[in-house]
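J.: A single structure is presented below for examination.
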Amino acid sequence: MKTFKRLLQFAQPIGGFLTPYILLSILGSIFSVANFAMIMPVLDTIFNSLGDSAKPEKLMVLGDFEWYDLTNWKAYGYQFLNQMIAEGGDDAKMKVLYYVCGTTVIFSLLSNLLRYATARLREWMRARTVARIRSSIFDKVVLMDNAFFSSARKGDLMSRATNDVQAVEGAIMHGITTFFKEPIQLIIFFYALFNISTDLTLFAFILIPVSGGAISFIAKKLKRHSKKTQEMAANLLSILDEMIGGMRVVKAFNSESYMKEKYEVENKRYVRSFQKEASRRELASPYSEVMGGVFISILIIKGGSLVLTDASLTGSEFIAYISLFTQVLNPAKAIAGAIGNIQRGLAAGDRILEMLDVEIEIKDKENAKTLEVFDDKVSLENVSFAYEDKKVLKNINLDIPKGKTVALVGPSGGGKSTLSDLIPRFYDPTEGKITIDGEDVKDFTLHSLREKMGIVTQESILFNDTIFNNIAFGTSNASREEVIEAAKIANAHDFIMAMEDGYDTNIGDRGMKLSGGQRQRLSIARAIFKKPQILILDEATSALDTESEKLVQKALEYLMQNCTSLVIAHRLSTIQHADEIVVIKDGEIVEKGTHDHLLLQKGVYHKLQSMQKM
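Take the position in the sequence shown, starting the count at 1, then add 24; the result is the number in the working numbering.
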């Protein structure tokens, strides 16, 4: 129930929905009961039970009895029809029959119009609520720390945002509306049944717990299997995502059969789990159907005895009772089906809420201020960082003065990229602090901190959108002139104009319609467009061929002229003119200085240079 209540919060404000929904459900149920109640005067008219009594001296007046007293409503109706027969002449009973059947049609029309209105209201509420769940998931994912994505499987996240939300949409929200509407129908139907025959209705209540206990047992089993099935569906998505992302590697290593076998094993596990879940889910409806048939048969025997023995029930009342009781089975079966679906939805809801409950560690502190200007330097003071108990950086002390270029070099895995990720607060140091102009970066809002920075990485991260929107990413009011200027500086304008739609060309998923050099130049154009004060380049040219590297390097040099730059380089030739080169090995700074100074020391940097010249 805790999961159910939390999911219900997404329906807020629910009062504006429930009031008209409950009102329409009540009116629809009343007209539905009235429709079946008309069976009694129809039968009594046909079989001459109606009109045998003398014309009443005075009709009952509506105000003489309570509106909820169905016995008096029946008496009033029969008196009215008896009067019609007494005053109607030879064909009076046919006129009454027409009248009763016409009234039945009107009641049926009103009942179904109200049912349609409740369905429209339900679907409106359902769509709005599920949209809020989707938005909450997206908003949460956008704010999550980089550390979360380092350990989470993308396929699992996609499954929670799609499959699990669909399960909630089809189960929880349908269940919520079912548990508001169907109980109302049951209450009104049983109230009418009590008014027709108290003895027969009390007898029916004895049978209900037998069915309810079995359905509850099925529902508990279903939730457990549903969660397992949804986790396996997430695994399938993860394998598919990995294969698509690494398709070139799969083909290069002739691993198609391996991937197919891996997927097939997981797919068979999913099928087995799904079949177990389905067998329990589909059991609820046939079980309720069988129990409904058993109920009706037992009630016919019991009701028939009341008609035949002590005459406490008339024939028309008995038939109306059975007809109305068959309608009781519909909301009862809907509730039984909803219980099964809700258990499946609760399992999906648990997975959604589990993701929404992930603690966000990198966030604005209370009273965080805006970083207005950057005047002096970025400093790392005794900074250490550990990831999963493994120390990646150890006691780093480093100053990056404004307007200067500092390069980080060293063996792979030494912690260079991790260090650069600490400055825009993709991660926070486990020890020490990072300051800008002497103030801890944690004192600034994340937005204002990152607004001052531009980042170009080895992997060009582009989006399935136009070239224009990729360069102006994150800006809604960018001018075409500004975008074109950034592209020209990045040496990208010529190849863009050579494309069929120019800046309006869609570059495909991850920019796959472009070459590696073209993608990287678009990434640089995006950074130039932002006009950053602090620039972070993480091996921005290491994956390029010589010709592309020259174009990209020229664009980077222009970009770095007016920036404070932190450059991570694999090719040492690209950072020889840096104001300071910092050598990092095993998470520690082992050397610092200019290119010439470090070569004279004949240490790690000299060794790296020698290896690249070989």
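Glycine is no exception: its CB is placed at the ideal position from the N, C-alpha and C atoms.
In the DSSP assignment, the alpha helix (DSSP H) including Asn278 goes from what residue to what residue?
T.: Within the sequence shown, residue 278 is the residue found at index 254, counting from 1. Here Asn278 belongs to no alpha helix (DSSP H), and DSSP marks it neither H nor E.
J.: Taking its Cβ as the centre, do 16 or more other Cβ atoms sit within 10 Å of Met635, making it buried, or is it exposed?
T.: The sequence position of residue 635 within the sequence shown is 611, counting from 1. Exposed, because fewer than 16 other Cβ atoms sit within 10 Å of the Cβ of Met635.
J.: Assign Ser183 to one of two classes, buried (16 or more other C-beta atoms within 10 Å of its C-beta) or exposed (fewer than that).
T.: Against the sequence shown, residue 183 aligns to sequence position 159. By the 10 Å Cβ count, Ser183 comes out buried.
J.: Can you look up Lys79 in the DSSP assignment and give me helix, strand or coil?
T.: Here residue 79 refers to the residue found at position 55 when the sequence shown is read from its first residue. Note that Lys79 has pLDDT 46, beneath the 50 cutoff, so the model's placement of it is unreliable and no number is given.
J.: Can you check whether the CB of Ala602 is closer than 8 Å to the CB of Arg514?
T.: As a working note, residue 514 is residue 490 in the sequence shown. As a working note, residue 602 is residue 578 in the sequence shown. Sequence check: residue 514 is Ala here, not Arg. The answer is no: Cβ separation not under 8 Å.
J.: Spatial neighbours of Ala141 within its chain, please: CB distance less than 7 Å, with the 5 preceding and 5 following residues excluded, ordered by chain position.
T.: Looking up residue 141 in the sequence shown gives position 117. Apart from the 5 residues on each side of it in sequence, Ala141 sits with its Cβ closer than 7 Å to the Cβ of Leu48 in its chain, given in chain order.
J.: Can you give, in chain order, each stretch of the alpha helix (DSSP H) that sits fully within the stretch 445-489 and has at least 4 residues?
T.: 470-475
J.: Pull up the CB-CB distance for Met379 and Ile161, whole angstroms please, since I reckon it's below 8 Å.
T.: To locate residue 379, count along the sequence shown from 1; it is residue 355. To locate residue 161, count along the sequence shown from 1; it is residue 137. That belief holds up - the Cβ atoms of Met379 and Ile161 are roughly 7 Å apart, short of 8 Å.
J.: So who's on the other strand from Gly617, going by DSSP bridges?
T.: On the sequence shown, position 593 is the one that residue 617 refers to. Paired residues: Ile605.
J.: In whole angstroms, give me the CA-to-CA distance for Thr43 and Ser135.
T.: The sequence position of residue 43 within the sequence shown is 19, counting from 1. The sequence position of residue 135 within the sequence shown is 111, counting from 1. If I take the Cα positions, the gap works out to 18 Å.
J.: With three or more beta-carbon pairs closer than 8 Å as the criterion, would you say the stretch 205-213 touches the stretch 390-403?
T.: no
J.: Which value, in whole angstroms, describes the spacing of the CA atoms of Ala78 and Phe218?
T.: By 1-based counting over the sequence shown, the position of residue 78 is 54. By 1-based counting over the sequence shown, the position of residue 218 is 194. In this predicted model, Ala78 has a pLDDT of only 44, less than 50, meaning its place in the structure is not dependable; the value taken from the coordinates is given anyway. The alpha-carbon atoms of Ala78 and Phe218 are separated by roughly 29 Å.
J.: Please report the straight-line C-alpha distance between Pro435 and Arg474, rounded to a whole angstrom.
T.: Here the question's residue 435 lines up with position 411 in the sequence shown. Here the question's residue 474 lines up with position 450 in the sequence shown. Spanning the two alpha carbons is a distance of roughly 28 Å.
J.: Apart from the five residues just before and just after Tyr582, which ones in its own chain have a Cβ nearer than 7 Å to its Cβ?
T.: As a first step, residue 582 is located in the sequence shown; it is residue number 558 there, counting from the start. If we look at Tyr582 and ignore the five residues flanking it on each side, its Cβ neighbours are Ile513.
J.: Can you round the beta-carbon distance between Leu370 and Phe409 to whole angstroms, since I take them to be within the 8 Å contact cut?
T.: By 1-based counting over the sequence shown, the position of residue 370 is 346. By 1-based counting over the sequence shown, the position of residue 409 is 385. No, Leu370 and Phe409 are not in contact; Cβ-Cβ is about 39 Å, not under 8 Å.
J.: In this structure, how does DSSP classify Lys537 when only helix, strand and coil are distinguished?
T.: Start at 1 with the first residue of the sequence shown, and residue 537 comes out as number 513. In the three-state DSSP reduction, Lys537 falls in the coil class, being neither helix nor strand.
J.: With a cut-off of 8 Å on the beta carbons, I'd call Asp188 and Ile346 a contact; round off their distance for me.
T.: As a working mapping, residue 188 is identified with position 164 in the sequence shown. As a working mapping, residue 346 is identified with position 322 in the sequence shown. Contact doesn't hold; Cβ gap of about 43 Å is too wide.
J.: Restricting to Cα atoms, I'd like to know which of Met62, Phe450, Cys125, Gly462 is closest to Gly101.
T.: As a working mapping, residue 101 is identified with position 77 in the sequence shown. Considering only alpha carbons, the answer is Met62.
J.: What number of angstroms, rounded off, separates the C-alpha of Asn365 from the C-alpha of Ile552?
T.: To locate residue 365, count along the sequence shown from 1; it is residue 341. To locate residue 552, count along the sequence shown from 1; it is residue 528. So the alpha carbons of these two residues sit roughly 52 Å apart.
J.: If you reduce the DSSP assignment to three classes, tell me which class Lys555 lands in.
T.: One-based indexing of the sequence shown puts residue 555 at position 531. The answer is coil: DSSP assigns Lys555 none of H, G, I, E or B.
J.: Below 7 Å CB to CB, which residues in the same chain sit around Asp610 once its five sequence neighbours on both sides are set aside?
T.: Numbered from 1 along the sequence shown, position 586 holds the residue referred to as residue 610. Excluding positions up to five away in sequence, the list reads Gly438.
J.: Quick check on the burial criterion: 16 or more other C-beta atoms within 10 angstroms. Buried or exposed for Val507?
T.: Counting from one through the sequence shown, the residue named residue 507 turns up at place 483. Burial call: buried.
J.: Can you tell which of Val397, Phe298, Gln103 has its C-alpha closest to the C-alpha of Asp461?
T.: Indexing the sequence shown from 1 puts residue 461 at position 437. The residue with the shortest Cα to Cα distance from Asp461 is Val397.
J.: Go ahead and pull the three-state DSSP assignment for Gln36.
T.: For this step, residue 36 is matched to residue 12 along the sequence shown. Note: Gln36 maps to coil in three-state DSSP.
J.: What residue range is occupied by the uninterrupted beta strand (DSSP E) comprising Asp518?
T.: For this step, residue 518 is matched to residue 494 along the sequence shown. Counting along the chain, Asp518 falls outside any beta strand (DSSP E), though it belongs to the alpha helix (DSSP H) covering 517-521.
J.: Helix, strand or coil for Ala336 per DSSP?
T.: Within the sequence shown, numbered from 1, the residue matching residue 336 stands at position 312. Note on identity: in this sequence residue 336 is Ser, with Ala being the wrong assignment. Looking at Ser336 - three-state DSSP - the assignment turns out to be coil, as it is neither helix nor strand.
J.: Cα separation between Ile322 and Ala228?
T.: Numbered from 1 along the sequence shown, position 298 holds the residue referred to as residue 322. Numbered from 1 along the sequence shown, position 204 holds the residue referred to as residue 228. Straight-line Cα distance between these residues: approximately 9 Å.
J.: Is Ala431 helix, strand or coil when you go by DSSP?
T.: Here residue 431 is taken as the residue at index 407 of the sequence shown, counted from 1. In this structure, Ala431 counts as strand in the three-state DSSP scheme.
J.: Go through its chain and collect everything with a Cβ distance to Pro80's Cβ below 6 Å, but skip five positions before and after it.
T.: Taking the first residue of the sequence shown as 1, we reach residue 80 at position 56. Low confidence applies here, because Pro80 scores a pLDDT of 48, under 50, leaving its location unreliable and the question unanswered by this model.
J.: Within 10 angstroms of its Cβ, does Gly498 collect 16 or more other Cβ (buried), or is it exposed?
T.: Here residue 498 refers to the residue found at position 474 of the sequence shown. Flag for Gly498 reads exposed.
J.: Per DSSP, which one or two residues make a beta bridge with Glu405?
T.: For the purposes of this step, residue 405 is taken as residue 381 along the sequence shown, with counting starting at 1. Partner(s): Lys457.
J.: Tell me the DSSP secondary structure of Ala171 in three-state form.
T.: In the sequence shown, counting from the first residue as 1, residue 171 sits at position 147. Three-state DSSP puts Ala171 in a helix.
J.: Going by other Cβ atoms of all chains shown within 10 Å of its Cβ, with 16 needed for buried, is Gly535 buried or exposed?
T.: Along the sequence shown, read from residue 1 onward, the residue named residue 535 stands at position 511. Label assigned to Gly535: buried.
J.: Evaluate Leu443 with the Cβ neighbour count: other Cβ atoms within 10 Å of its Cβ, from every protein chain shown; 16 or more gives buried, anything less gives exposed.
T.: Counting from 1 along the sequence shown, the entry for residue 443 is found at position 419. A residue is called buried when at least 16 other Cβ atoms come within 10 angstroms of its Cβ; Leu443 meets this threshold and is buried.
J.: Nearest-angstrom Cα distance between Ser547 and Ala516?
T.: Position 523 of the sequence shown holds residue 547. Position 492 of the sequence shown holds residue 516. Rounded to the nearest angstrom, the two C-alpha atoms are 10 Å apart.
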